[in-house]
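A.B. asks: Input: one structure, supplied below.
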Amino acid sequence: MDKPTADRVARHLVMASSLLEDDPQEALAHARAARARAARIAVVRETAGIVAYSAGEWQEAISELRAARRMSGSDALLPLIADSERGLGQPRRAVEIADSDEARDLSDEAALEMAMVKAGALIDLKDPESAVRALSDQDLRPGRTGTQAARLFFAYASALEAAGRRADAVTWFQNAAAADIDDQTDAEFRLMDLLESTPGVDTSTSGHSEPSSASVALGDAYDVLLLDLDGTLYTGSTALPGAIEAVAQTHGTALFVTNNASRSPEQVRDHLLSLGFDAKSEQVVTSAQAGADLVAETVETGSKVLVVGADALRDEIRARGLTVVDSADDEPAAVVQGHSPETGWAQLSEGALAVRRGAAWVATNVDSTLPTERGLMVGNGSMVAAIASATGQEPTVAGKPAAPIMRGALSRTDGKRPLMVGDRLDTDIEGAHTVGIDSLLVLGGVTSGPELLAAEPRQRPTYIASGLDALKEPAAESAIGPRPEWSIEINGQHVAVAARSTGTEASLAAALAHAVWTADVGSFDLRIAAQDDVAAETLTALGLTPLR
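The sequence shown begins at 2 in the numbering used here and counts up one residue at a time.
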């Protein structure tokens, strides 16, 4: 290309870029002029494609972006190509591009862009539940700021709104507005519209199938129940009230999902049977299984794996064609760590040595405590912390709240409306958020009232109940939201609670959580005042010391 032509092309590209935001049609004219003079230059075709995309010329954008991709060999333009297919009314084609091998290899910003495009296409296809799941693996830390975070939070909020989860949508539009320091989204307007369309902000986090209808029992609103064990179905050797009957009356699929890696599926089944539950080993999903799967994906078949854990974990490792070793001197390719009451200094030290020497490290779970009839004992997370402290490394986690165990459980069923049921915010409820499904928090386990009110969005349940009897009751009775039996007024960090009629601990927890989360106030610093004896007694039962 001669110099005068090159200069002219450069001027057109500069004008296209400078006019793109204020006058996309004029920018497109300059981009087309540059393309007419330098169609064999990748950056020219890329600019023409981006400008056509911004101007809504979808077919032209696809043609130019595909040409630029062929010339440059880069897949970074795939998100724009996929979104242009959406613009042409082809959301299914956009999903196909997002699921392609090339798209799966994208990283960083391009991977995020593709996830947002896929979520939008899934909403177009009337599948908002999958849209929520498509974004749940992204960096959804609420405190982040900047355009990238704001756009992600906005997309996530839009998916939640499309799925009918209005309270969660309010929270994430709030997060998007707070993150949008450069004013690149209309999160504030969407938030205002959502609040205005929901009088009194009565926005329960109803599930994907609108289960909050008064005529639908909570258990009937979902076709898959993912049931935590310790603290949810039983404590030690005692079944919790109503749990056996609730599981027996489940119309859909019931799966028992446990972070305890010390027992095999058969042992878990036998324990459930001894307590009176109807259970089969194929219904049991353990963190040992998820951890072994993760190790098998990380190392080659036949590799040596140092197991810090019980026989159940060792058996799962062997079942995947891997070789179990006990010493770091055996040069294991990986270390897998799960709970075992027999784990001591020697086993932890071997694990630490192997990790320091470069072995991959997988933890079945990082629960710091283990519920028993005697109280909370030391959990696997506390022992994982010992190796982390000794090595300065952090493991890849397989169990709740991480995705591997949750996806492993969901892969065992064809159900479309799963509900996670558990007693821990940091494992069960956050695990549900990880894969974009609804959750029921069972009180009486390890979660206190202050912890519930302080929960970040990723640890907020859809429902709260005192026990599994709630599965037989209308879903609306357990949904997060206002309750007619309680009056709650918030002024800054001062919360006044009064009983209009006799209410339960769970109903007050649901109403308080809704009020505090909607008001977006600091929860551990709240000053909660009881206006009467009933309110004072119920607040105390929740672990919330009331002022009088």
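Every residue gets a Cβ at the ideal spot worked out from N, C-alpha and C, and that includes glycine. Because the structure is a prediction, the values reported are computed rather than measured.
Pick helix, strand or coil for residue 440, following the three-state DSSP scheme.
C.D. replies: In the structure shown, residue 440 sits in a strand (DSSP, three-state: E or B).
A.B. asks: When you compare only the Cα positions, how much space is there between residue 323 and residue 241?
C.D. replies: Whole-angstrom Cα-Cα distance: 38 Å.
A.B. asks: Are residue 484 and residue 508 closer than 7 Å when you measure CB to CB?
C.D. replies: It is a contact, given that the beta carbons lie within the stated cut-off.
A.B. asks: Note the first and the last residue of the continuous beta strand (DSSP E) segment covering residue 409.
C.D. replies: That residue, residue 409, is in no beta strand (DSSP E); its alpha helix (DSSP H) goes 404 to 411.
A.B. asks: Where do the ends of the beta strand (DSSP E) carrying residue 423 lie?
C.D. replies: From DSSP, the beta strand (DSSP E) with residue 423 extends over 419 to 423.
A.B. asks: Would you give the residue range spanned by the beta strand (DSSP E) that residue 492 belongs to?
C.D. replies: Unbroken beta strand (DSSP E) run through residue 492: 487 to 492.
A.B. asks: When you compare only the Cα positions, how much space is there between residue 359 and residue 542?
C.D. replies: Spanning the two alpha carbons is a distance of roughly 49 Å.
A.B. asks: Compare the C-alpha of residue 138 against each of 404, 285 and 472 and name the closest.
C.D. replies: Residue 404 is the option with its Cα nearest to residue 138.
A.B. asks: Helix, strand or coil, according to DSSP, for residue 464 in the structure here?
C.D. replies: Three-state result, residue 464: strand.
A.B. asks: How would you label residue 15, buried or exposed, when you count the other beta carbons within 10 angstroms and need 16 or more for buried?
C.D. replies: When all chains shown are included, residue 15 counts as exposed.
A.B. asks: My output table needs one value for residue 515: the three-state DSSP class, helix, strand or coil.
C.D. replies: Residue 515: helix per DSSP, three-state reduction.
A.B. asks: May I have a chain-ordered list of the alpha helix (DSSP H) segments no shorter than 4 residues that lie completely inside the segment 288 to 318?
C.D. replies: Counting only runs of 4 or more, we get 288 to 299.
A.B. asks: Please classify residue 223: does DSSP put it in a helix, a strand, or coil?
C.D. replies: In the structure shown, residue 223 sits in coil (DSSP, three-state: anything other than H, G, I, E or B).
A.B. asks: Under the rule that 16 or more other beta-carbon atoms within 10 Å means buried, what is residue 575, buried or exposed?
C.D. replies: This structure cannot settle anything about residue 575, because the visible part of the chain is limited to 2 through 549.
A.B. asks: Can you tell which of 277, 111 and 164 has its C-alpha closest to the C-alpha of residue 75?
C.D. replies: Taking only the C-alpha atoms, the option nearest residue 75 is 111.
A.B. asks: Give the secondary structure of residue 1 by DSSP, where H, G and I count as helix, E and B as strand, and everything else as coil.
C.D. replies: What is shown of the chain runs 2 to 549, which leaves residue 1 out entirely.
A.B. asks: Within the segment 320 to 393, note down every full beta strand (DSSP E) run reaching 3 residues or more, in order along the chain.
C.D. replies: Complete beta strand (DSSP E) runs here, min 3: 324 to 326, 335 to 338, 361 to 364, 370 to 373 and 376 to 379.
A.B. asks: Skipping 5 residues on each side, what residues in its chain have a beta carbon closer than 7 Å to that of residue 333?
C.D. replies: These residues qualify, in order along the chain: 305, 306, 307, 326, 355 and 360.
A.B. asks: Under a three-way DSSP split, which group does residue 475 fall into?
C.D. replies: Note: residue 475 maps to strand in three-state DSSP.
A.B. asks: Please specify which runs of the alpha helix (DSSP H), each continuous and at least 4 residues long, are wholly inside the segment 50 to 116, giving them in chain order.
C.D. replies: The segment 50 to 116 contains these whole alpha helix (DSSP H) runs: 59 to 73, 79 to 88, 92 to 99 and 102 to 105.
A.B. asks: Applying the criterion that 16 or more other CB atoms from any shown protein chain within 10 Å of the CB defines a buried residue, is residue 249 buried or exposed?
C.D. replies: Counting Cβ neighbours within 10 Å, residue 249 comes out exposed, since fewer than 16 surround it.
A.B. asks: Can you give me the Cβ contacts of residue 73 inside the same chain, cut-off strictly under 6 Å, excluding the 5 residues immediately before and after it?
C.D. replies: These residues qualify, in order along the chain: 43.
A.B. asks: Per the DSSP calculation, residue 503 is bridged to which residue(s)?
C.D. replies: None, per the DSSP bridge assignment.
A.B. asks: Return the CA-CA distance between residue 95 and residue 123, expressed in angstroms with no decimal places.
C.D. replies: Each residue's Cα considered, the two are about 9 Å apart.
A.B. asks: Can you say whether residue 252 is buried or exposed, counting buried as having 16 or more other CB atoms within 10 angstroms of its CB?
C.D. replies: The residue in question, residue 252, is exposed, as its Cβ has fewer than 16 Cβ neighbours within 10 Å.
A.B. asks: Need the endpoints of the alpha helix (DSSP H) that residue 10 sits in, please.
C.D. replies: 4 to 20 is the extent of the alpha helix (DSSP H) around residue 10.
A.B. asks: Can you find at least 3 beta carbon pairs, one from the segment 448 to 461 and one from the segment 508 to 517, that sit closer than 8 Å?
C.D. replies: They touch, by the three-pair rule.
A.B. asks: Look at residue 234 and residue 244 and say whether their C-beta atoms are less than 7 Å apart.
C.D. replies: Yes, these two residues count as a Cβ contact at 7 Å.
A.B. asks: Measuring straight from C-alpha to C-alpha, what distance separates residue 394 and residue 335?
C.D. replies: In a straight line, the C-alpha of residue 394 is about 13 Å away from that of residue 335.
A.B. asks: Could you name the residues that DSSP lists as bridge partners for residue 286?
C.D. replies: Note: residue 286 sits in a beta bridge opposite 258.
A.B. asks: Ordered along the chain, which non-local residues of its own chain (more than five positions away) have a Cβ less than 6 Å from that of residue 204?
C.D. replies: Residue confidence is low: residue 204 scores 36 on pLDDT, short of 50, so the model does not pin down where it sits. No coordinate-derived value is stated.
A.B. asks: Taking the straight line between their C-alpha atoms, what separation do you get for residue 420 and residue 180?
C.D. replies: Cα to Cα, residue 420 sits roughly 30 Å from residue 180.
A.B. asks: Start and end of the alpha helix (DSSP H) containing residue 1?
C.D. replies: Residue numbering for the chain in the displayed model covers 2 to 549; residue 1 lies beyond these limits and cannot be assessed.
A.B. asks: Which of helix, strand or coil does DSSP assign to residue 205?
C.D. replies: Interpretation of residue 205 is limited by its pLDDT of 36, a score under 50 that renders its predicted location unreliable; no figure is taken from the coordinates.
A.B. asks: Candidates 220, 224, 260 and 255: which alpha carbon is nearest residue 232's?
C.D. replies: For residue 232, the nearest C-alpha among the options comes from 260.
A.B. asks: Taking just the CA atoms, how far does residue 127 sit from residue 23?
C.D. replies: Each residue's Cα considered, the two are about 33 Å apart.
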